[in-house]
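A.B. asks: Numbering that gives the first Met the number 0 puts the first residue of the sequence shown at 0, with every later residue one more than the last.
Think of the CB as a built atom: it goes at the ideal place given N, C-alpha and C, for glycine as much as any other residue.
Remember, it's a predicted structure, so these values are computed and weren't measured experimentally.
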Amino acid sequence: MIAKMFGAAFAFWVMTSASAVHAEWHEASSDHFLVIADQNEADVREFTERLERFHSAMASIMGRNEAAPSPSNRVTIYVVRSGRDVRKLAGDKSGFLQGFYQPRAGGSVAFTSRVEGDGKDVSQTEQTLLHEYAHHVMHGASEWATPRWLSEGFAEFFSTARFERDGGVGLGLPARHRAMELLYAKDVPIEALLDSKAYEQSRTKAYDEFYGRSWLLYHYLQLSGKRPGQLMAYRTELANGASEIDAATKVFGDLKALDKELGAYFNRPKMNYVPIDSNRLKVGTITVRKLRTAEAAMMPIILESKRGVNDETGKALLPRAQAVAVQYPADPSVLAALAEAEHDAGNFAAAVTAADKALAVSPTLVNAHVQKIYALSRIATDADDAEAAWKTVRKAVTALNKVEPDHPIPLIYCYRSLQGSGKEISELAAHGLERALQLAPYDQGVRWQVVQQLVDEEAYGAAYRTLMPLANDPHNRGEDNPAIALLADIKQKWETKAAAEKATVAAPTAKAATK
Numbered sequence: 000m001i002a003k004m005f006g007a008a009f010a011f012w013v014m015t016s017a018s019a020v021h022a023e024w025h026e027a028s029s030d031h032f033l034v035i036a037d038q039n040e041a042d043v044r045e046f047t048e049r050l051e052r053f054h055s056a057m058a059s060i061m062g063r064n065e066a067a068p069s070p071s072n073r074v075t076i077y078v079v080r081s082g083r084d085v086r087k088l089a090g091d092k093s094g095f096l097q098g099f100y101q102p103r104a105g106g107s108v109a110f111t112s113r114v115e116g117d118g119k120d121v122s123q124t125e126q127t128l129l130h131e132y133a134h135h136v137m138h139g140a141s142e143w144a145t146p147r148w149l150s151e152g153f154a155e156f157f158s159t160a161r162f163e164r165d166g167g168v169g170l171g172l173p174a175r176h177r178a179m180e181l182l183y184a185k186d187v188p189i190e191a192l193l194d195s196k197a198y199e200q201s202r203t204k205a206y207d208e209f210y211g212r213s214w215l216l217y218h219y220l221q222l223s224g225k226r227p228g229q230l231m232a233y234r235t236e237l238a239n240g241a242s243e244i245d246a247a248t249k250v251f252g253d254l255k256a257l258d259k260e261l262g263a264y265f266n267r268p269k270m271n272y273v274p275i276d277s278n279r280l281k282v283g284t285i286t287v288r289k290l291r292t293a294e295a296a297m298m299p300i301i302l303e304s305k306r307g308v309n310d311e312t313g314k315a316l317l318p319r320a321q322a323v324a325v326q327y328p329a330d331p332s333v334l335a336a337l338a339e340a341e342h343d344a345g346n347f348a349a350a351v352t353a354a355d356k357a358l359a360v361s362p363t364l365v366n367a368h369v370q371k372i373y374a375l376s377r378i379a380t381d382a383d384d385a386e387a388a389w390k391t392v393r394k395a396v397t398a399l400n401k402v403e404p405d406h407p408i409p410l411i412y413c414y415r416s417l418q419g420s421g422k423e424i425s426e427l428a429a430h431g432l433e434r435a436l437q438l439a440p441y442d443q444g445v446r447w448q449v450v451q452q453l454v455d456e457e458a459y460g461a462a463y464r465t466l467m468p469l470a471n472d473p474h475n476r477g478e479d480n481p482a483i484a485l486l487a488d489i490k491q492k493w494e495t496k497a498a499a500e501k502a503t504v505a506a507p508t509a510k511a512a513t514k
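1) Going by Cα to Cα distance, which pick from Tyr414, Trp214, Gly419 and Glu423 is closest to Arg434?
2) Does the segment 430-448 come into contact with the segment 401-413, if we say contact requires no fewer than three beta-carbon pairs (one atom in each stretch) closer than 8 Å?
3) Using a threshold of 9 Å, state whether the C-beta atoms of Leu181 and Glu208 are closer than that.
4) Any beta-carbon of chain B closer than 9 Å to the one on Arg234?
5) Name the two residues that bound the continuous beta strand (DSSP E) containing Lys573.
6) What is the residue span of the alpha helix (DSSP H) that Ile189 lies within?
7) Please classify Leu427 as buried or exposed, where buried requires at least 16 neighbouring CB atoms within 10 angstroms.
8) Looking at C-alpha atoms only, which residue of Ile275, Phe347, Phe95 and Lys356 is the closest neighbour of Gly62?
9) If you draw a straight line from the alpha carbon of Pro227 to that of Gln448, how long is it in whole angstroms?
10) Just curious, the alpha helix (DSSP H) that Thr397 is in, first and last residue?
11) Taking DSSP as the reference, what is the three-state secondary structure of Ile76?
12) What residues are listed by DSSP as bridge partners for Ala428?
13) With a threshold of 8 Å, are at least 3 pairs of Cβ atoms found where one atom belongs to the segment 70-78 and the other to the segment 377-384?
14) Please state whether the Cβ-Cβ distance between Ala296 and Val168 is less than 9 Å.
15) Where do the N-terminal and C-terminal ends of the alpha helix (DSSP H) with Ser376 fall, by residue?
16) Can you tell me which of the three DSSP states Ile285 falls into?
17) Beta carbon of Glu45, beta carbon of His25: below 9 Å?
18) Based on Cα-Cα distance, which residue from Pro331, Leu417 and Lys422 lies nearest to Arg291?
19) Counting beta carbon pairs with one atom in the segment 148-157 and one in the segment 213-220, are three or more of them shorter than 8 Å?
20) Report, in whole angstroms, the separation of the C-beta atoms of Gln97 and Thr111, which I expect to be a contact under 8 Å.
21) Is Glu40 near the ligand PLP, with its Cβ less than 8 Å from a heavy atom?
22) In whole angstroms, give me the CA-to-CA distance for Leu50 and Phe32.
23) For Arg164, which residues from the same chain have a beta carbon less than 7 Å from its beta carbon, with the 5 sequence-adjacent residues on both sides left out?
24) Looking at C-alpha atoms only, which residue of Val79, Pro146, Lys225 and Gln221 is the closest neighbour of Leu170?
25) Just mark Gly262 as buried or exposed, buried being the case when its beta carbon has 16 or more other beta carbons within 10 Å.
26) Report yes if the C-beta distance between Tyr459 and Lys501 is below 9 Å; otherwise report no.
27) Using the three-state DSSP reduction, which class does Asn278 fall into: helix, strand or coil?
28) For a quick check, are the C-beta atoms of Leu317 and Ala344 less than 9 Å apart?
29) Does DSSP put Phe32 in a helix, in a strand, or in coil?
30) Can you tell me which residues form a DSSP beta bridge with Phe162?
31) So the alpha helix (DSSP H) Gln326 belongs to, where does it begin and stop?
32) Closer than 8 Å is the cut-off here; do at least three beta carbon pairs connect the segment 294-311 with the segment 185-203?
33) Relative to the C-alpha of Pro173, which residue among Asn266, Ile244 and Lys204 is closest?
34) Measure the C-alpha to C-alpha separation of Pro68 and Lys204 and round it to an integer number of angstroms.
35) State yes or no: is the C-beta of Val121 within less than 9 Å of the C-beta of Arg161?
36) In terms of alpha-carbon separation, which member of Phe347, Gly431 and Ala335 lies closest to Ala359?
Okay, structure coming up:
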């Protein structure tokens, strides 16, 4: 099918006005999302359904038919009243930010202002969220490093979704919000677009067309029909270790010719998109509940905690959490949030106490288990009897693992507890850490730890492949990226080991030949 290209262009970010009426907090739970929103029940349900339709449409295009993730491996989306609230949480002073996303093992979160999702076309606020969720899906679908243009082009391609009234979804519609950027922003040469390092070296403070060009190139390779198979071949070259520019020139050929084709493609009056019928989409069950009064009272603290705090802001947040807990001393969610605030303020014993109180009321409350593990681990780090302290951590780890076997935090902290107590890393713990990375491939801390374990095992090939996304991170191309030096060291050890093994095999053969 065909969509008209660029009509009236508009900016990527827009301001949204907050409703004068304060809606009640609701929580919607679905296969891939947990949405906690300051909106009424009908709006929260409709928004969550659109998200599930979007996820299913992406999965359809990408050929993925995976089972729903474990509850804590879903993305939690906090919907606040306005863009101003989002910017306050993010510490952003631009005046334009409407949403942001933070990937982390067992707790990936997104923050967005209210989304009005009753039309076919997405609002700019919703588009921002879909862009970030596309990043989340891409990072979960591939363990290989992704050049920045490809990452952003992929996310832009999917962010322009259209939700049809018959339940279908259209993907890859023209990025009208990039029209002005592509027409008037500072040019990005094709060589710089395809080479993250070259782009960073030539980048200025002037706003450029990087996002628009990334979308245009991805759309062209995916839907124009002019270069079939090249996008896959390009990614294969990257996976086999080629540099960004070498992969591009090998697969795309003359980059100037590609640049000329992109210019002509941009000027076309119409572009293809991908319509997906409703019968191909799976939404699943969506349950919505109104938050208890106690939970709603704690929500401002929860938002700041989940956004992340430092030593100073954590200590400032704690009295507010304690004040709510005084009002609602028996609510398990309030107590779990208090445990998190106590932990963030450095009061680890108090955090354990609050978590235990929450678990006494609600034994399966995941956040209470997680906060207990975090706090006990901090206590164990400085304990006089490290072995006993880390044994206590492992008991907490086992408790959460029984509640949710595929939660990555128990897998990570089982491994760390053995490290901390000086015990030998068991095969089960090592496999558990690798499983945690499978569940949360976007968590860089877990990836680092898996690499170190593989190096200790002298599994240099696996270590090299696991480290590549960090060494080739397009957002960290500087010489101070420690993954680059480590990757070179691993490669050398890998080659040395291979040479030694080859020599060992060859030696008996040579000896036999002299008899």
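C.D. replies: Well, looking at it:
1) Position 435 of the sequence shown, counted from the first residue, corresponds to residue 434. It is Tyr414 whose Cα lies nearest to the Cα of Arg434.
2) Contact between the segment 430-448 and the segment 401-413 is present, with at least three C-beta pairs closer than 8 Å.
3) If you number the sequence shown from 1, residue 181 lands on position 182. If you number the sequence shown from 1, residue 208 lands on position 209. Yes, the Cβ-Cβ distance between Leu181 and Glu208 is below 9 Å.
4) Reference to chain B is not applicable here, since this structure consists of a single protein chain.
5) Outside the shown range of the chain, which is 0 to 514, sits residue 573, and nothing can be said about it.
6) Residue mapping note: residue 189 aligns to position 190 of the sequence shown, counting from 1. Ile189 to Leu193 is the span of the alpha helix (DSSP H), which, as asked, contains Ile189.
7) Stepping through the sequence shown from its first residue, residue 427 is reached at position 428. Exposed.
8) Sequence index remark: in the sequence shown, residue 62 carries index 63 (1-based). Of all alpha-carbon atoms in Ile275, Phe347, Phe95 and Lys356, the one lying nearest the alpha-carbon of Gly62 is that of Ile275.
9) If you number the sequence shown from 1, residue 227 lands on position 228. If you number the sequence shown from 1, residue 448 lands on position 449. Roughly 38 Å between the two C-alpha positions.
10) On the sequence shown, position 398 is the one that residue 397 refers to. Thr397 -> alpha helix (DSSP H) spans Ala385 to Val402.
11) The residue you call residue 76 lines up with position 77 of the sequence shown. Strand.
12) For the purposes of this step, residue 428 is taken as the residue at position 429 of the sequence shown. Residue pairing for Ala428: DSSP places it in no beta bridge.
13) Flag = no, the segment 70-78 and the segment 377-384 do not touch.
14) Against the sequence shown, residue 296 aligns to sequence position 297. Against the sequence shown, residue 168 aligns to sequence position 169. The answer is no: Cβ separation not under 9 Å.
15) Residue mapping note: residue 376 aligns to position 377 of the sequence shown, counting from 1. That run of the alpha helix (DSSP H) goes Val365 to Thr380.
16) Translated into positions along the sequence shown, residue 285 becomes position 286. Ile285: coil per DSSP, three-state reduction.
17) The residue given as residue 45 occupies position 46 in the sequence shown. The residue given as residue 25 occupies position 26 in the sequence shown. No, Cβ-Cβ distance for Glu45 and His25 is not below 9 Å.
18) What you label residue 291 is simply residue 292 of the sequence shown in a count that begins at 1. Residue Pro331 is the option with its Cα nearest to Arg291.
19) As far as the Cβ criterion goes, the segment 213-220 touches the segment 148-157, which means the pair count is three or higher.
20) Here residue 97 refers to the residue found at position 98 of the sequence shown. Here residue 111 refers to the residue found at position 112 of the sequence shown. The distance from the Cβ of Gln97 to that of Thr111 is about 7 Å, consistent with a contact at the 8 Å cut-off.
21) Of the ligands one can find in the structure shown there are none, so the ligand PLP has no counterpart to examine.
22) Taking the sequence shown and counting its residues from 1, one reaches residue 50 at position 51. Taking the sequence shown and counting its residues from 1, one reaches residue 32 at position 33. Using only the alpha carbons, I get a separation of about 8 Å.
23) The sequence position of residue 164 within the sequence shown is 165, counting from 1. Hits under 7 Å: Lys119.
24) Residue numbering aside, residue 170 sits at position 171 when the sequence shown is read from its first letter. The residue with the shortest Cα to Cα distance from Leu170 is Gln221.
25) The residue you call residue 262 lines up with position 263 of the sequence shown. Counting Cβ neighbours within 10 Å, Gly262 comes out exposed, since fewer than 16 surround it.
26) On the sequence shown, position 460 is the one that residue 459 refers to. On the sequence shown, position 502 is the one that residue 501 refers to. Taking a C-beta distance under 9 Å as the contact criterion, Tyr459 and Lys501 do not qualify as a contact pair.
27) Mapped onto the sequence shown, residue 278 falls at position 279. Three-state result, Asn278: helix.
28) Here residue 317 refers to the residue found at position 318 of the sequence shown. Here residue 344 refers to the residue found at position 345 of the sequence shown. Judged by their CB atoms, Leu317 and Ala344 are nearer to each other than the 9 Å cut-off.
29) Translated into positions along the sequence shown, residue 32 becomes position 33. For Phe32, the three-state secondary structure derived from DSSP is strand.
30) Taking the sequence shown and counting its residues from 1, one reaches residue 162 at position 163. Within the DSSP secondary-structure output, Phe162 pairs in a beta bridge with Val168.
31) For the purposes of this step, residue 326 is taken as residue 327 along the sequence shown, with counting starting at 1. DSSP places Gln326 inside the alpha helix (DSSP H), whose first and last residues are Asp310 to Gln326.
32) Between the segment 294-311 and the segment 185-203, the count of Cβ pairs shorter than 8 Å is below three; the stretches do not touch.
33) Here residue 173 is taken as the residue at index 174 of the sequence shown, counted from 1. By alpha-carbon distance to Pro173, the top candidate from Asn266, Ile244 and Lys204 is Asn266.
34) Counted from its first residue, the sequence shown places residue 68 at position 69. Counted from its first residue, the sequence shown places residue 204 at position 205. The alpha-carbon atoms of Pro68 and Lys204 are separated by roughly 41 Å.
35) Residue mapping note: residue 121 aligns to position 122 of the sequence shown, counting from 1. Residue mapping note: residue 161 aligns to position 162 of the sequence shown, counting from 1. Taking C-beta atoms as the reference points, Val121 and Arg161 count as a pair closer than 9 Å.
36) In the sequence shown, counting from the first residue as 1, residue 359 sits at position 360. Here the closest residue by C-alpha is Ala335.
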